[in-house]
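Chemist: Our numbering runs 737 ahead of the 1-based position in the sequence shown. Cβ coordinates follow ideal geometry from the N, Cα and C atoms, glycine included. Quantities reported herein were computed from a predicted structural model and do not represent experimental measurements. Submitted below is the structure of interest, expressed as structure tokens.
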Amino acid sequence: MIVRKMEEKDIEDVSATCMASFLQSVADTLSEEGISTFSKIAASNAFLDRMKGDNLMLVSENNGKIDGVIELKEGRHVAMLFIRPEHHKKGIGRTLLSSALNHAKVEIVTVSASLSSVSAYEKYGFECKGEAGESAGLAYQPMEIKLNKAIHATSA
């Protein structure tokens, strides 16, 4: 497995990876509005726009195929973490998260976790902070992880 920065040539595969994982794990818990909102966020053109901003996007590649993606917004917020459904529970999410956190610009990194992914984020060391909420049909649980400054400083 290789973890590297996402490139423009990856956008279609990354969008497909996000949608496949979302449709299997999250979509059936949301309204039509939530599914529509996510579809716009995961669209190729939306990824392209965010690549031009201050978002770090990393992909996991195995045998030339993308099997996971993480997006770290402004070095402080995990905006996306999706693994192809057939590759779940193989350590790809943990590896991507660890790689992205090496680029964090703050001591506390946040995520608005889909309700179905809360237990996975807890395994990664995140804790729930506050009440679950909803925005544009997307239900989420605010979570955060405190990075160990000493370890973080040496691994960056």
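Considering just the uninterrupted stretch of the beta strand (DSSP E) at Gly702, what are its terminal residues?
Modeler: A query on residue 702 cannot be resolved here, the shown segment of the chain reaching from 738 to 893 and no further.
Chemist: Is the distance from the Cβ of Val815 to the Cβ of Ile803 below 8 Å?
Modeler: As a working note, residue 815 is residue 78 in the sequence shown. As a working note, residue 803 is residue 66 in the sequence shown. Going by C-beta atoms, Val815 is not nearer than 8 Å to Ile803.
Chemist: State the Cα-Cα distance for the pair Lys746 and Cys865, rounded to the nearest angstrom.
Modeler: Walking along the sequence shown from the start, residue 746 turns up at place 9. Walking along the sequence shown from the start, residue 865 turns up at place 128. Roughly 35 Å separates the two Cα atoms.
Chemist: Counting along the chain, where does the alpha helix (DSSP H) carrying Ala757 start and finish?
Modeler: The sequence position of residue 757 within the sequence shown is 20, counting from 1. Looking at the DSSP string, the run of the alpha helix (DSSP H) that includes Ala757 is 748-762.
Chemist: In the structure shown, what three-state DSSP assignment does Ser770 receive?
Modeler: To locate residue 770, count along the sequence shown from 1; it is residue 33. Sequence check: residue 770 is Glu here, not Ser. Helix, per DSSP.
Chemist: Tell me which residue opens and which closes the beta strand (DSSP E) that Asp804 is part of.
Modeler: Position 67 of the sequence shown, counted from the first residue, corresponds to residue 804. Per DSSP, Asp804 belongs to the beta strand (DSSP E) from 802-810.
Chemist: Per the contact definition of three or more C-beta pairs closer than 8 Å, is the segment 828-837 in contact with the segment 774-784?
Modeler: No: the two stretches stay apart, fewer than three of their Cβ pairs being nearer than 8 Å.
Chemist: With a threshold of 6 Å on Cβ separation, who are the neighbours of Phe763 within its own chain once the five nearest residues in sequence on each side are excluded?
Modeler: Looking up residue 763 in the sequence shown gives position 26. The question names Phe, but residue 763 in the sequence shown is Val. These residues qualify, in order along the chain: Ser851, Ser853.
Chemist: Quick check on the burial criterion: 16 or more other C-beta atoms within 10 angstroms. Buried or exposed for Val751?
Modeler: For the purposes of this step, residue 751 is identified with residue 14 of the sequence shown, where counting begins at 1. By the neighbour-count rule (16 or more Cβ atoms within 10 Å), Val751 is buried.
Chemist: Give the single residue among Ser856, Lys742, Asn885, Ser836 whose Cα lies nearest to the Cα of Tyr877.
Modeler: Locating residue 877 in the sequence shown gives position 140, counting from the first residue. When only C-alpha atoms are compared, the closest one is Ser856.
Chemist: Quick check: the Cα distance between Lys827 and Lys883, rounded to an integer number of angstroms?
Modeler: The sequence position of residue 827 within the sequence shown is 90, counting from 1. The sequence position of residue 883 within the sequence shown is 146, counting from 1. For Lys827 and Lys883, the distance between alpha carbons rounds to 24 Å.
Chemist: In chain order, what residues of the same chain have a beta carbon less than 8 Å from the beta carbon of Arg741, not counting five sequence neighbours either side?
Modeler: Position 4 of the sequence shown holds residue 741. If we look at Arg741 and ignore the five residues flanking it on each side, its Cβ neighbours are Leu795, Val796, Glu798.
Chemist: Helix, strand or coil for Glu859? Go by DSSP, reduced to three states.
Modeler: The residue you call residue 859 lines up with position 122 of the sequence shown. Here Glu859 sits in helix by DSSP.
Chemist: By the 10 Å Cβ neighbour count, where 16 or more other Cβ atoms means buried, how is Thr766 classified, buried or exposed?
Modeler: Here the question's residue 766 lines up with position 29 in the sequence shown. Label assigned to Thr766: exposed.
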